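Student: Below is one structure. I have some questions about it.
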Amino acid sequence: MLKFINFRKLYGGFPALKIDGFSIDSGIYWIKGVNGSGKSTLLKSIAGILSFEGDILLDNSISIKKQPVEYRKLVNFAEAEPIFPEFLTGQELIALFAQAKDAPVGQEQHYIDTMQMQAYVNRPVGTYSSGMLKKLSLVLAFMGKPKLILLDEPLITIDTASLKILNSWIAERYNQEGTSFLLSSHQALEHAELPIARELLVENQTLQFIA
Ligand SMILES: Nc1ncnc2c1ncn2[C@@H]1O[C@H](COP(=O)(O)OP(=O)(O)OP(=O)(O)O)[C@@H](O)[C@H]1O
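Using this note's numbering, you'd call the opening residue of the sequence shown number 2 and step up by one each time.
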């Protein structure tokens, strides 16, 4: 599903992450690592937000460097601490993402309804609490028909009921469309609710499967 080719990410001269010839099959993965180990750097690189040396291939063929538009349509990302233009409403942002990601008409409604966002989705995001912002960022990450959804610390700021709903969205997309997920989290992910394929550890500037 995802292949790293001579991947190197440096901040200034500081090497943050080096991944050589590493492949990840389809599935749901939990990315672990201590603070500062490189989890966000990894997810932002895969999302195409950070520049890096080397290449990342989706499904062995779609290169983030050579087919950037096609790749980005198929890889969605929700940041750990999302920031959006404050004057736009949630609904306007959803419409923008839906268009950019070629989402089926009305796809967002299931997510707005199940996460119970109807009361505020038409308000400017500048009026949102951190949990409301987080839920909006999660809805945006589910727009379109991505092959891979990257969720950086999806559990922070959302309440227990919303966490169960998020788990159901992940299981639904994985079971029905085969969408893969990379989730970074310091909190335990519910193995009972999510079919976690494997755990991935970011350590010593590299990435490895935890046996
Ligand atoms: N913009 C930046 N400029 C310079 N160094 C950076 C930058 N962003 C991250 N780093 C460094 O890269 C390393 C990895 O950071 P990253 O944010 O990816 O870690 P993380 O595993 O997501 O951490 P946390 O669990 O605290 O969120 C750290 O040493 C950090 O100091």
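For glycine and all other residues, C-beta sits at the position ideal for the given N, C-alpha and C. The structure presented is a predicted model; accordingly, all values stated were derived computationally and were not measured.
Return helix, strand or coil for Glu204, following the three-state DSSP convention.
Tutor: It is a strand residue.
Student: Ignoring anything shorter than 3 residues, give me the beta strand (DSSP E) runs that lie fully in the segment 3–68, in order along the chain.
Tutor: Correct list: 3–12, 15–20, 23–25, 29–33 and 54–59.
Student: Beta carbon of Ile47, beta carbon of Leu3: below 8 Å?
Tutor: Yes, Cβ-Cβ distance for Ile47 and Leu3 is below 8 Å.
Student: Let me know if Val126 comes out buried or exposed under the rule of 16 or more other beta-carbons within 10 Å of its beta-carbon.
Tutor: Buried, by the Cβ-count rule.
Student: Name the residue from Gly28, Leu44 and Asn123 whose alpha carbon lies nearest to the alpha carbon of Leu8.
Tutor: Here residue 8 is Phe; the residue named in the question, Leu, does not match the sequence. It is Leu44.
Student: List, from N- to C-terminal side, the alpha helix (DSSP H) runs of 4 residues or more that fit wholly inside the segment 118–184.
Tutor: Runs of the alpha helix (DSSP H) inside the segment 118–184: 131–142 and 161–178.
Student: My output table needs one value for Phe88: the three-state DSSP class, helix, strand or coil.
Tutor: Coil.
Student: How about Ile166 and Lys135: are their beta carbons less than 8 Å apart?
Tutor: No. Outside cutoff.
Student: If we call anything under 8 Å between Cβ atoms a contact, is Pro196 one with Ile29?
Tutor: Yes. Within cutoff.
Student: Run through the DSSP bridge pairs and tell me what Ala79 is partnered with.
Tutor: Ala79 pairs with Leu152.
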